[in-house]
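Protein chains in written order, with this note's numbering: chain A, 1 to 299; chain B, 1 to 356. Ideal Cβ positions, reconstructed from N, Cα and C, are used throughout, including at glycine. All values derive from a computational prediction rather than experimental measurement.
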Amino acid sequence: METITKQMRKLARESLENRLDLIIGWEEGRFDWQSKPAFITETNEVDRLSFNDYSLKNLAGYLLKDKFKNKNIGIFLKGCDYQAFKQLINYNQINPDNIQIWGIACPGLKEKDFNGIISEAERCQRCQNPIPEELETIIGKAEAAIQNSPEDKYQEVKALESMATAKRFDYWKEKLSDCIRCYACRNTCPLCECKTCMLAGGDSNNDDWIDSAKEFSQDFFFHSIRAFHQAGRCVDCGECEEVCPVDIPLTKINNKIRHDIEILYDQSEITEEESVKGPLLDFREDDPEPGIKGGTPNA
Amino acid sequence: MLKLDKDKLQDFLTELAEEYQVYLPIKKNQQTDFYSFEKLLNSSKVLEIDLDARLSVKSPKSFLFPRSESYLEFKKDNERLDFKLKELTGKPNLLFGIRNCDQESFKLLDKVFLQEPVDRLYQRRRESTITVVGRCLDQSETCFCQLFDIEPAASETGADLYYFNSDHNLYFTAASDQGELILSEYSQYFNNLESEKETELRMQAEKFNKTISTNSNNPLTINKPELLYENKEKIFNSNIWQELANRCLECGICTYLCPTCHCYDIQDYASDQTGERYRCWDSCLFSNFTEMAHGDNPREETYQRLRQRFFHKLVYFPEEQKESLACVGCGRCLGNCPVNIDITEVLALAGGVIND
């Protein structure tokens with residue numbers, strides 16, 4: 001961690017002196033079990049930068065902010081953050097030309113729960129891309145990066161799938177009824193890129209598709225539609241679940257859909273290659289149509 | 001002071017639940033929050049009452065001011081439009097085991113909702129709610145109630161009952177007629193205790209209140225909350241808000257978990273002939289919070305909305321409410337803001353502006 005921090009500061013200092021206006025990284029939080037996004041514009045501030053066990057926040061989403069759009073930005077991205085970054089490019093949301101990315105070979109991070117217990121972050125236990133290998137500059141040692149087996153990726157999804165439908169519905173009913181609709185899951189998601197959310201809390205209240213009333217139907221509507229909108233995009237960075245104050249296991253919904261898409265469209269890698277579009281950005285005549293009578297079941 | 005053996009707690013609560021809708025801290029999915037005792041008792045799940053958790057995830061303000069509350073039904077009948085106010089039905093609420101910071105937050109909510117014009121929706125819940133405070137004899141690292149002169153071991157004003165949670169017993173003191181009534185009505189569950197024990201507990205509480213209020217090393221209590229109020233213009237116009245806004249996600253976590261945030265919206269749930277009007281929480285961090293019908297928005301930028309939240313708590317509220325600050329130092333924002341924006345950081349930054 002200390003080596004990563006040192007290198008972050010060095011890279012930030014050099015590039016602020018040269019051509020960049022803004023560096024987006026992490027700094028120490030209020031407590032030693034916290035870390036927060038840092039926005040550095042002056043060389044005398046670079047020593048604020050710090051990568052610690054809790055630097056979970058996916059910074060890629062900040063690139064969507066209007067105020068940062070015309071700036072020359074340097075940004076630090078862990079493996080999961082970089083996956084999200086690639087999706088933002090695929091969906092034509094950011095212009096990579098004026099963005100300098102530095103990758104971090106991520107050792108796997110930690111989280112502290114409600115009871116004060118510190119453990120390995122759940123999202124890191126599924127991670128298959130801790131190192132943004134395609135990048136020119138990667139800081140941190142590759143051999144120190146977290147290693148998981150491919151089986152770890154969808155273990156939770158498999159457990160969910162093995163539940164009977166009625167039981168699964170009860171499970172989600174119980175979980176979603178705790179929702180307070182703070183919309184932190186949506187707002188922290190680097191790939192919830194809509195300027196105005198048509199579901200709720202957008203810029204025009206009258207257009208909201210869901211009702212603000214605290215009803216299970218509305219909670220269910222919000223979370224299920226958001227999950228469908230993330231189909232083909234979500235990179236399982238785990239932000240949504242991480243920020244949820246009432247611990248709704250949101251990544252399970254997204255990962256279930258990710259898993260289905262991988263089976264249907266035989267595509268698991270997110271690339272920037274122009275010829276490979278996202279599964280839901282591309283139509284082919286021989287696409288599987290499991291929902292249609294006579295349609296092909298999968299790829 | 002009367003003592004209740006914790007082994008008898010569940011029986012006591014079961015009997016209380018016949019007369020009241022009892023809510024208490026229950027551990028569910030590794031988190032502790034207030035749930036209906038009766039509902040859990042009737043479910044097949046194992047009930048894990050958690051009186052040791054320093055604080056519930058959500059503030060218990062939702063029992064006085066629900067997340068959403070339908071209060072008016074309307075129906076179109078030919079040319080007639082009928083309105084019916086929804087009555088509050090069911091047993092009165094009893095909130096068992098809230099902390100003194102949350103209890104103190106009720107006093108602040110009272111200032112808002114119970115002064116003229118009285119908010120009847122709040123009033124009817126407030127008047128039928130009994131509160132039982134679990135005294136704190138320690139703090140977690142996110143606690144800073146002493147900054148607002150709150151005594152966590154409890155000053156015995158506001159709630160109906162207060163208890164010490166010590167060894168195998170709960171030690172109750174009544175602080176209202178309602179509280180006295182409960183202690184006498186359910187006297188079979190309580191025992192008297194030796195006067196030495198009572199003295200010991202009281203001394204422990206006093207000592208704890210004093211220790212934390214005089215500890216000058218706590219980084220959360222270094223900057224006085226009156227800072228914004230006293231230097232409002234300079235701080236209002238400073239660039240700290242822009243800096244904080246860089247990372248703010250504009251979600252509602254801080255406002256929705258906060259025990260003193262109380263802004264709401266009124267909406268209709270309407271179909272062709274019938275409908276309901278309800279009010280629900282709203283958050284000043286949401287971009288549409290101040291959006292006008294004609295599309296203009298006086299707080300269009302994130303930094304303006306963020307500044308509003310803290311100015312409301314530490315400047316506008318005290319201006320309106322005889323110098324009361326609208327924060328109780330529960331620390332929920334410190335622990336839950338995904339990007340670590342909290343009121344003590346705002347005070348520290350504001351302190352920097354003043355000393356510049």
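N- and C-terminal bounds of the beta strand (DSSP E) containing residue i
{"i": "Arg279 of chain B", "result": "274 to 281"}
{"i": "Asn165 of chain B", "result": "161 to 166"}
{"i": "Val133 of chain B", "result": "129 to 134"}
{"i": "Trp102 of chain A", "result": "99 to 104"}
{"i": "Ile23 of chain A", "result": "22 to 28"}
{"i": "Ile118 of chain A", "result": "118 to 120"}
{"i": "Glu69 of chain B", "result": "68 to 77"}
Assigned exposure category for residue i - 16 Cβ within 10 Å defines buried
{"i": "Asp160 of chain B", "result": "buried"}
{"i": "Lys322 of chain B", "result": "exposed"}
{"i": "Ala38 of chain A", "result": "buried"}
{"i": "Thr14 of chain B", "result": "exposed"}
{"i": "Phe283 of chain A", "result": "exposed"}
{"i": "Ser204 of chain A", "result": "Reliability fails at Ser204 of chain A, whose pLDDT of 48 lies under 50, so the model's placement of it is uncertain and the value that follows must be treated cautiously. Exposed, by the Cβ-count rule."}
{"i": "Ala184 of chain A", "result": "buried"}
{"i": "Pro150 of chain A", "result": "exposed"}
{"i": "Gln103 of chain B", "result": "buried"}
{"i": "Lys28 of chain B", "result": "buried"}
{"i": "Thr173 of chain B", "result": "buried"}
{"i": "Phe321 of chain A", "result": "Not covered by the structure: residue 321 of chain A. The range shown for chain A is 1 to 299."}
{"i": "Met198 of chain A", "result": "exposed"}
{"i": "Ala270 of chain B", "result": "exposed"}
{"i": "Val57 of chain B", "result": "buried"}
DSSP-derived helix/strand/coil call for residue i
{"i": "Glu285 of chain A", "result": "coil"}
{"i": "Val22 of chain B", "result": "strand"}
{"i": "Lys210 of chain B", "result": "helix"}
{"i": "Ser204 of chain A", "result": "Per-residue confidence for Ser204 of chain A stands at a pLDDT of 48, beneath the threshold of 50, marking its modelled position as unreliable; the derived number appears in the next sentence. Three-state DSSP puts Ser204 of chain A in coil, outside helix and strand."}
{"i": "Val46 of chain A", "result": "helix"}
{"i": "Tyr269 of chain B", "result": "strand"}
{"i": "Gln34 of chain A", "result": "coil"}
{"i": "Leu77 of chain A", "result": "strand"}
{"i": "Asn192 of chain B", "result": "strand"}
{"i": "Glu111 of chain A", "result": "strand"}
{"i": "Phe317 of chain B", "result": "helix"}
{"i": "Asn148 of chain A", "result": "coil"}
{"i": "Glu180 of chain B", "result": "helix"}
{"i": "Ser36 of chain B", "result": "strand"}
{"i": "Ser62 of chain B", "result": "helix"}
{"i": "Tyr91 of chain A", "result": "coil"}
{"i": "Gln31 of chain B", "result": "strand"}
Extent of the continuous alpha helix (DSSP H) to which residue i belongs
{"i": "Thr165 of chain A", "result": "165 to 176"}
{"i": "Thr344 of chain B", "result": "343 to 355"}
{"i": "Phe311 of chain B", "result": "302 to 311"}
{"i": "Gln128 of chain A", "result": "Run containing Gln128 of chain A: none; DSSP gives neither H nor E here."}
{"i": "Lys6 of chain A", "result": "2 to 18"}
{"i": "Leu264 of chain A", "result": "250 to 265"}
{"i": "Phe236 of chain B", "result": "232 to 236"}
Which listed residue (the options) has its alpha carbon closest to that of residue i
{"i": "Cys248 of chain B", "options": "B:Thr211, B:Tyr303, B:Asp296", "result": "B:Tyr303"}
{"i": "Met8 of chain A", "options": "A:Phe31, A:Ser55, A:Asp32", "result": "A:Ser55"}
{"i": "Gln204 of chain B", "options": "B:Gln178, B:Ser166, B:Trp241", "result": "B:Ser166"}
{"i": "Asp170 of chain A", "options": "A:Arg284, A:Ala105, A:Asn52, A:Phe220", "result": "A:Phe220"}
{"i": "Val22 of chain B", "options": "B:Asn288, B:Asn29, B:Tyr35", "result": "B:Tyr35"}
{"i": "Cys251 of chain B", "options": "B:Leu285, B:Glu73, B:Lys75", "result": "B:Leu285"}
{"i": "Val46 of chain A", "options": "A:Glu28, A:Lys57, A:Asn58", "result": "A:Glu28"}
{"i": "Gln125 of chain A", "options": "A:Ile4, A:Met1, A:Glu134, A:Asp236", "result": "A:Asp236"}
{"i": "Gln34 of chain A", "options": "B:Asn355, B:Gly352, B:Pro338", "result": "B:Pro338"}
{"i": "Gln359 of chain B", "options": "B:Asp110, B:Arg125, B:Leu72, B:Leu220", "result": "Any question about residue 359 of chain B goes unanswered here, given that chain B covers just 1 to 356."}
{"i": "Pro155 of chain A", "options": "A:Cys127, A:Glu136, A:Ala145, A:Ile146", "result": "It is Gln, not Pro, that sits at residue 155 of chain A in the sequence shown. Nearest option by C-alpha distance: A:Cys127."}
{"i": "Gln242 of chain B", "options": "B:Glu116, B:Val112, B:Val346, B:Glu127", "result": "B:Val346"}
{"i": "Arg226 of chain A", "options": "A:Asp178, A:Ala145, A:Asn254", "result": "A:Asn254"}
{"i": "Cys261 of chain B", "options": "B:Pro298, B:Leu108, B:Glu196", "result": "B:Leu108"}
Any non-hydrogen atom of the ligand SAM closer than 8 Å to residue i Cβ
{"i": "Lys141 of chain A", "result": "Summarising the ligand content, the structure contains no ligands, and the ligand SAM is consequently not present."}
Chain B contacts from the segment 177 to 199 of chain A (Cβ-Cβ distance under 9 Å): Asp178, Ile180, Arg181, Cys182, Tyr183, Ala184, Cys185, Arg186, Asn187, Thr188, Thr196
Can you list, in chain order, the residues of the segment 26 to 37 of chain A whose Cβ is nearer than 7 Å to any Cβ on chain B? Gly29, Arg30, Phe31, Gln34, Lys36, Pro37
In chain order, what residues of the segment 19 to 31 of chain B put their CB closer than 8 Å to some CB of chain A? Asn29, Gln30, Gln31
Interfacial residues, the segment 255 to 281 of chain B to chain A, with Cβ spacing under 7 Å: Tyr256, Leu257, Asp265, Gln267, Tyr269, Tyr278, Cys280
For the segment 212 to 241 of chain A, which residues have a beta carbon sitting closer than 7 Å to at least one beta carbon of chain B? Ser212, Ala213, Lys214
For the segment 58 to 86 of chain B, enumerate the residues whose C-beta is nearer than 8 Å to any C-beta of chain A, in chain order. Lys58, Pro66, Arg67, Ser68, Ser70
Scan the segment 68 to 99 of chain A for residues whose Cβ lies nearer than 7 Å to a Cβ of chain B and list them as they occur along the chain. none
Quick one: which residues of the segment 325 to 340 of chain B get their C-beta closer than 8 Å to a C-beta of chain A? List them in chain order. Leu334, Asn336, Pro338, Val339, Asn340
Listed in chain order, which residues of the segment 105 to 116 of chain A have Cβ atoms closer than 7 Å to some Cβ of chain B? Asp113, Phe114, Asn115
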